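K.L.:
Residue 112 in full-length UniProt numbering sits at position 112 of the sequence shown, with consecutive numbering throughout.
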Amino acid sequence: MEDGFPASKTFNQGYSLTYDDVILLPHYIDFPTDAVSVSTRLSRNIPLSIPCVASPMDTVSEAHMAASMAALGGIAIVHYNCTSSQQASIIRSAKSLRVPITPSVSFASPVDGLPAYHGRYVFITESGGLPSKLLGYLSSSDCENLKDKPVKIFDYKRDCKSVEYVNWDCDLGKIETLLHEKDSDFLVLERDGEAVNVVVKEDVERLKGYPKLGAGTVGADGEWMVGAAIGTRESDKERLEHLVKAGANVVVLDSSQGNSIYQIEMIKFIKKTYPQLDVIGGNVVTMAQAQNLIQAGVDGLRVGMGSGSICTTQEVCAVGRGQATAVYKVSSIAAQHGVPVIADGGISNSGHIVKALVLGASTVMMGSFLAGSTEAPGAYEYK
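(1) For M305, which of D299, D142, L293, R321 has the nearest alpha-carbon?
(2) I need the straight-line Cα distance from K355 to L24, nearest angstrom please.
(3) Does the separation of the CB atoms of residue 384 and L17 fall below 8 Å?
(4) Indicate whether A247 and R92 have their beta-carbon atoms separated by less than 8 Å.
(5) Does the distance from the CB of E164 to the CB of K182 come in under 8 Å?
(6) What did DSSP end up calling C82 once you bin it into helix, strand or coil?
(7) Please determine, among S350, V330, L172, the residue with the shortest C-alpha to C-alpha distance to F11.
(8) Mark G351 as exposed unless 16 or more other C-beta atoms lie within 10 angstroms of its C-beta, in which case mark it buried.
(9) Suppose contacts are defined by Cβ-Cβ distances below 8 Å. Is K245 in contact with A88 by that definition?
(10) Buried or exposed: which applies to I29, given that a residue is buried once 16 or more other Cβ atoms fall within 10 Å of its Cβ?
(11) Taking a contact to mean a Cβ-Cβ separation below 8 Å, would you say S55 touches G367 in this structure?
(12) Helix, strand or coil for V218 per DSSP?
(13) Just the Cα atoms here: how many angstroms apart are Y262 and N283?
(14) Taking 8 Å as the threshold (C-beta atoms), are E2 and K377 in contact?
(15) Given K237, which residues of its chain have a CB within under 7 Å of its CB, disregarding the five upstream and five downstream residues?
(16) Using the Cα positions of M287 and V358, report the straight-line distance between them to the nearest angstrom.
(17) Runs of 4 residues minimum, wholly inside the stretch 169-229: which ones carry the alpha helix (DSSP H) assignment?
(18) In three-state DSSP terms, what is T125?
(19) Suppose the cutoff is 6 Å on Cβ atoms and the five residues either side in sequence are ignored; what does the same chain contact list for residue 460 look like?
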């Protein structure tokens, strides 16, 4: 009995539809929810346990987001709103966070004063962040005593003689056991003589509450898989060399209009220079755009133009397409070539994720959806 409109009819009437313009009809269910598998592919050669990708935004994807997404079976694409060495450092740091805990503490350099928000501890490192050599720390009571005093916290630090160090790849169970046995409030995870993370007792309890969604996204080297974004300028070729050396597993060409000679030439350069590296092209919204990038050699496509929470392409350039239509059309041609599609933008609720996957996307990319999470970079603001 025919009821409703099939997708082939819905998306071939000359209209450009958004996620909110379509609704899915219910059907008969004869299986339990735990029988459902959402495993998928980010690109030709990168499998994921969950269809979720963190967007390459500087308010979303840095080391802790990348490690946390990989631990849950997804992946994050590290932004490039920084120098190539900084981006490479973020990738190395993410791969070192074997236990993906976002520390509920603060970090400072030797020349800094007391941070406005310091949590239970302030750890002083050579660089003012991680990974870096640990020089000392202050407790919350130390911070209270220094409050409103124009001093360098380095002059009042506690030394590291009593600090317990463990190897960076120590698993959560062992960390929990050591915290109990040593009667310590925190442990420092170390790799190659540098602190890569700090684990406080409360953080362990929080991590134990994480949902178990599937196998983590781990590469052949046993480390988390991490993606990186780059542009299409000549300087990005040098940036890419740093990222590959840092261990980037996939590269995303970040452009609002991917169907250009610049991106096509960059795709060909990457596939020739780094044949083992998967390349995701985009953004595209039409079948013709997708066809050009597929012929150039992409391993995945990013779909969306003007649908993101901060994207202004449709307003400024008067080009774009409703995201539901874009995902359906591009997925139709990409599937013929075995190229996975990332639905990028317009995801503001779980229903949008379902619609994107039903319309043919292999994964969804989320920006503002994740930006307010603990794992996202940025300072806390209290009112």
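Note that beta-carbon positions come from the ideal geometry of N, C-alpha and C, so glycine has one too. The structure displayed is predicted, hence computed values, not measured ones.
P.N.:
The structure says:
(1) R321
(2) 8 Å
(3) What the structure shows of the chain is the stretch from 1 to 383, and residue 384 is not part of that stretch, so it cannot be assessed.
(4) In the sequence under discussion, the amino acid at residue 247 is Gly, which differs from the Ala named in the question. In this structure, R92 lies closer than 8 Å to G247 by Cβ.
(5) yes
(6) coil
(7) V330
(8) exposed
(9) yes
(10) exposed
(11) yes
(12) strand
(13) 13 Å
(14) For the sequence presented, residue 377 should be read as Pro rather than Lys. No, these two residues do not count as a Cβ contact at 8 Å.
(15) F269
(16) 18 Å
(17) 172-181, 201-208
(18) strand
(19) Because the chain spans 1 through 383 in this model, residue 460 falls outside it and cannot be assessed.
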